[in-house]
Amino acid sequence: MSYQGKKNIPKITSDRLLIKGGRIVNDDQSFHADIYMEDGLIKQIGDNLIVPGGVKTIEANGKMVIPGGIDIHTHFQMPYRGTTTVDDFAQGSKAALAGGTTMIVDHVMPEPGASLIEAHDQWRQWADEKACCDYSLHVDITHWNDSVKQEVDNLIKEKGVNSFQVYMAYKDYYQMSNSELYEVFTFLAERGGIAQVHAENGEIIAEEQARMLQMGITGPEGHVLSRPEELEAEAVFRAITIASQTNCPLYVTRVMSKSAADIISQARKKGNVVFGEPITASLGTDGTHYWSKNWAKAASFVTSPPLSPDPTTPDYLNTLLSSGDLSVTGSAHCTFSVAQKAIGKDDFTQIPEGVNGVEERMALIWDKAVTTGKMDENMFVAVTSTNAAKILNLYPRKGRIAVGSDADLVIWDTDAIRTITAKTHNSAAEYNIFEGVELRGAPLVVICQGKIVLEDGNLHATSGVGRFIPCSPFPDFAYKRIKARKQLAVLRAVPRGMYDGPVSEFSMSRGGTPSASARTSPTKQPVRNLHQSGFSLAGNPAPCGPPTPDDIPIRPAGRRIVVPPGGRSNITSLS
Amino acid sequence: MSGYQGKKNIPRITSDRLLIKGAKIVNDDQSFCADIYMEDGVIKQIGENLIVPGGVKTIDAHGRMLMPGGIDVHTRFQMPDRGMTAADDFYQGTKAALAGGTTMIIDHVLPEPGTSLMSAFEQWREWADSKSCCDYSLHIDITEWHKGIQEEMETLVKDHGVNSFLVYLAYKDIFQLTDAQVYEVFSVIRDLGAIAQVHAENGDIVAEEQRRMLEQGITGPEGHVLSRPEEVEAEAVNRSVTVANQTNCPLYVTKVMSKSAADVIAQARKKGTVVYGEPITASLGTDGSHYWSKNWAKAAAYVTSPPLSPDPTTADYLNSLLSCGDLQVTGSAHCPFNTAQRAVGKDDFSLIPEGVNGTEERMSIIWDKCVVTGKMDENQFVAVTSTNAAKIFNLYPRKGRIAVGSDADLVLWDPDVTKIISAKSHQSTVEYNIFEGTEVRGGPLVVISQGKIVLEDGNLHVTEGSGRYVVRKPFPDYVYKRIKARSRLAELRGVPRGLYDGPVCEVSVTPKTMTPASSAKTSPAKQPGQPIRNLHQSGFSLSGAQIDDNVPRRNTQRIVAPPGGRANITSLG
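As they're listed, the protein sequences go chains A and B.
In the numbering used here, each residue carries its 1-based index in the first sequence increased by 1.
In the numbering used here, each residue carries its 1-based index in the second sequence increased by 2.
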């Protein structure tokens, strides 16, 4: 089990640390043992460890020691129309550490038309300067052509990026057509990437936004009214269809509504390789606040897809997260100040989108899902850390407490009670969307890269120590199944004699009728190279679809099996 | 029971008088025994011991079932395709319909993109008026979208008796509309009181898959079904349901061919969407395994879109959903091409003209698959073959019901007759019948159209050109009662707030640095040229106060529940 990016390790100062008497919680089991760390790595786990003298020792007193959280979705320091989100990589990762998250995965957002690699390098530079914890990057694909394709290839092979997000919303900006999605997904499937999708039907949203503004609805409630949850569910459904068609693993970012979550869980039941990511906001609060009379407060909840006005949504999503239908959690932390939000004070479509959540994520899930008995501590580790590490191909370096893994640990206090408020949070934003919520469960000690960063309520984060963690392609967690399917999905033509009967005259020039999809026929636009695709025409592959009948129909149509009325074809079997 | 549409058309009929004695009259709600007397193509009396003029022609039904003539809601007779024409014209097609017990058809007008809806409509009227043997009506397909189309739609609804329009989500670069266009078309349709029909397949994915198949050397008819997997159909159904919900427009999905598409419709209905599903004879009676036939001409005869599902249990499943009401109406999508025409695509499946037969077989197939097997009773049979179609398209009770004043379009049904379907004996002109060799139980004994006997003792007596165009008014009650109630409920209001007077961040307006937050380009302020909807015509209102204006949600209050308590994980079940 060699780790990626091992060469980065020497950057760490030699710190030695022993945790005694903790209960180690992984996603599969919990057990009592001591942990000894050195140089940012876990060196020993067990009882009565032999360690150098004078090593700093933490007494866990039977408290839980869990792998540090991985926030798989952040937007720190995101540029927005000439300004920048208020939490930069220093502020953001500090908030992450304060909440027990020891790694973040940020989204690189290249402007349409701009180079993906340049944007990636820019984000690397910002994060290397400021991040207080390890990080990785997703890259958003905001337009699609051959050079973008080349850059994606390059990012996967040389830059350690294995996940790319496409947008189905933001018409005329980032939104991609179904054909483009098909091509992006096909390419990612070949290269071993994960296709992430922002799922909302941008076409309908644009129409609805126009309608709202025409009706004089300009406040933040227009944001949620113009983006009903059906539009999210529809896009999720479509993304799943395309992913299934291209045999590409799909990752739905920001699952905000019951119906979107339902579509994901149904697709998983049908066998699709799809992962759903609810965020802190959708797990912890709801969209009723869009109707707040306080404009600044209502605006602070604006994010897309919006929080659902249905107040039972968070409970439902927590349940699906607990049952495994949703797989990972992020925060989509992307905070703007009130003055920035006020850009849209007269038009909700201009309000910059994004909510806080990186600091609150772990405690909120603990409170909503573990203290209520929906999930146990092991599942908690899975959804806050391990599953993310597996999807990003960082497991077991991250997401697990094991010898050789990174020393990113959290000693979790299950009984601590805190009330969330903007007065004490680590974000620079004036509003906290969880203001006043009381949460049970909090980190007592946070260890990042083998160093204590949170102890006795004091944060000792160091800006710039965060390392970029490269993610390699073809994560087993997603691709084992994809590869097996690829082998099965061989299609073949039926060998027939040449048709030598009469052929009607027909005109190609006219627009044609439903039958003629000739304009889109492949001879005109060869897009894919057969040699690069996983499909093969050779060999004697397993049949796909119905077995080839040798001139005999599968069911001899002439023969009738007489059944008594209501007999064989049983209507009640549908139920 | 308001007056009937198009009554003025009636005088064209010759004065025929007919009495049917001792029939079991089957409507969609009940069956009862009575005699029935018709005159001038209209049912005049129903009851026992009727007083009728002397010497009237009498048919003795001997207690057999007499039902409303079938309505085939989906035909494409005489359809032009790249200079060719579908093999069955309006004469041949309606003759086949009558032979199977169908006394009315609704054909699709397919205007080429770039041509006017009106001229296409007139063209179809001319073809049908000169050739049709039974009453007919017309759906109009919307193959492109701009302001002119909207005006033509208004004219067609107001002056020409059209109340249904079909949009295509497939046929990329030819007929396919974008989601935004579909949204606008649906909004217009809703305001006009018409029905939005949709050909549901994701054309973008189909185009990509077709390319992939041909690259792999799959050029035969099996490529047709391989490039159009059923989830592509289900996806498009789901999307059109979403757009219809959003626009509060009634939706009608034509050609439901797969289990998953039918499931999406059934689920949407359970959630309350006003949506109707139309399986066709082909999807109810056969399956897509034949695309793999070694006989190219036979395999090509099954090519239609969405394709027949290769899953052989599909037909049974669709019949069950039809029986339980999750699917409501049946058509045939009758649009056969002969083998020489199909052979246009002999080296490339994407060029094979699409369409299957089914107008003649429709009634018998459904009887055999649903009624004989006990899935539905005779009344439900009448509902799915005739009454529901009449209700949805506002022809009820002129069509789709046996009642005094209704049109004398009747079928005397023999539930015991068995027949083997074969291209040798069918009325269509094509060489292949996709139901070849299928034995069906149940068939028409006597068919009466416009009060005249057109089928008796196995002999067909049709008259070319006797079919009348039946106008359909907008706002059918069956569909629009619910839509109207919803548009009254769907009032949206802004929150009255004081003006925000805090600091506002400076922004650069160069569009290059836009972020997801701003969908400003599509906001109406920048497109003053396209006011899509007239607020006065919509059911929305800005007035009124919000009930909970002064009751902000307090999320600071925590209700302490025991672990596993209030939030019950098992409630999801």
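Backbone N, C-alpha and C define an ideal beta-carbon position, used for all residues, glycine too.
Model, not experiment: these values are computed from the prediction.
Check whether the Cβ atoms of A/N202 and B/T244 sit closer than 9 Å, and answer yes or no. yes
Spatial neighbours of B/E599 within its chain, please: CB distance less than 8 Å, with the 5 preceding and 5 following residues excluded, ordered by chain position. Look at the range of chain B in this structure, 3 to 575, and you will see that residue 599 of chain B is not part of it.
What does B/Q269 pair with, by DSSP beta-bridge criteria? According to DSSP, B/Q269 bridges with nothing at all.
Cβ-heavy atom distance between A/G55 and the ligand MN below 8 Å? Inclusion of the ligand MN in the displayed structure is not the case, the ligand content being empty and no account of it being possible.
Is the shortest distance between the beta-carbon of A/R125 and the beta-carbons of chain B less than 9 Å? no
Kindly list, in the order they appear in chain A, the residues whose Cβ is closer than 7 Å to that of B/T361. None at all; the shortest Cβ gap to chain A is about 18 Å.
My understanding is that B/G444 touches B/W415, with C-beta atoms under 8 Å, so please give their C-beta distance in whole angstroms. 7 Å
Short of 7 Å in beta carbon distance, which residues of its chain neighbour B/D30, apart from the five on each side in sequence? Order them along the chain. N381, V384, A385, T389
Alpha carbon to alpha carbon, how far is B/G439 from B/I422? 6 Å
May I ask which residues mark the beginning and end of the beta strand (DSSP E) holding B/Y93? It is not in any beta strand (DSSP E) - B/Y93 instead sits in the alpha helix (DSSP H) that spans 92-101.
Kindly indicate if chain B contains any beta-carbon less than 9 Å away from that of A/G272. no
Would you mind working out which of B/G102, B/I151, B/Q330, B/E154 sits nearest B/V258, comparing C-alpha positions? B/Q330
Taking Cβ to Cβ, would you say A/D88 is nearer than 9 Å to A/S137? no
Beta carbon proximity, A/L226 to chain B, threshold 9 Å: yes
What does the Cβ neighbour count give for B/E50, buried or exposed, with the cut at 16 atoms within 10 Å? exposed
Taking buried to mean at least 16 other C-beta atoms within 10 Å of its own C-beta, is A/S227 buried or exposed? buried
Counting only Cβ pairs nearer than 8 Å, list the residues of chain A close to B/P505. V339, A340, A343
Segment limits, beta strand (DSSP E) that includes B/R443: 441-451
Which residue wins for smallest C-alpha separation from B/L286, given the options B/V442, B/V497, B/G56? B/V442
With DSSP as the reference, label A/A115 as helix, strand or coil. coil
Where A/R493 and B/G43 are concerned, what is the direct C-alpha to C-alpha distance, given to the nearest angstrom? 56 Å
Using C-beta distances below 7 Å, list every residue in its chain close to B/G222, excluding the 5 sequence neighbours before and after it, in chain order. W298, A301, F351
Cutting at 8 Å between CB atoms, please list the residues of its own chain near B/K9, excluding the five before and the five after it. Per-residue confidence for B/K9 stands at a pLDDT of 46, beneath the threshold of 50, marking its modelled position as unreliable; no derived number is given.
Nearest residue (CA-CA) to B/D459, options B/I61, B/A36, B/D37: B/I61
7 Å CB neighbourhood of A/A394 in its chain, flanking five on each side removed: Correcting the residue identity first, residue 394 of chain A is Asn in this sequence and not Ala. Taken in chain order, the residues that qualify are N163, C472, S473, P476.
What does A/L232 reach in chain B if we use C-beta pairs closer than 7 Å? T244
Quick one: Cα of B/L119 to Cα of B/M81, how far? 15 Å
Count the other CB atoms within 10 Å of the CB of A/N62; is the residue buried (16 or more) or exposed (fewer)? exposed
As assigned by DSSP and simplified to three states, the class of A/K57: strand
With a CB to CB cut of under 6 Å and the five nearest residues on each side skipped, what residues in its chain are close to A/V438? I421
Between A/N319 and A/K375, is the Cβ-Cβ spacing less than 9 Å? yes
Could you list which residues in chain B have their beta carbon closer than 8 Å to that of A/T242, in chain order? N204, I207, E233, V234, A236, E237
Could you pull out every residue in the same chain whose Cβ sits closer than 6 Å to the Cβ of A/M110, ignoring the five residues on either side in sequence? D141
Distance cutoff 9 Å, beta carbons only. Does A/P527 sit that close to anything in chain B? Any reading at A/P527 must be qualified, since the residue scores a pLDDT of 39, below 50, and its modelled position is unreliable; no value is offered.
May I have the straight-line CA-CA distance separating B/Q125 from B/P355, to the nearest angstrom? 21 Å
CB-CB under 7 Å to B/P554, same chain, minus the five flanking residues each way: which ones, in chain order? Reliability fails at B/P554, whose pLDDT of 46 lies under 50, so the model's placement of it is uncertain and no value is given.
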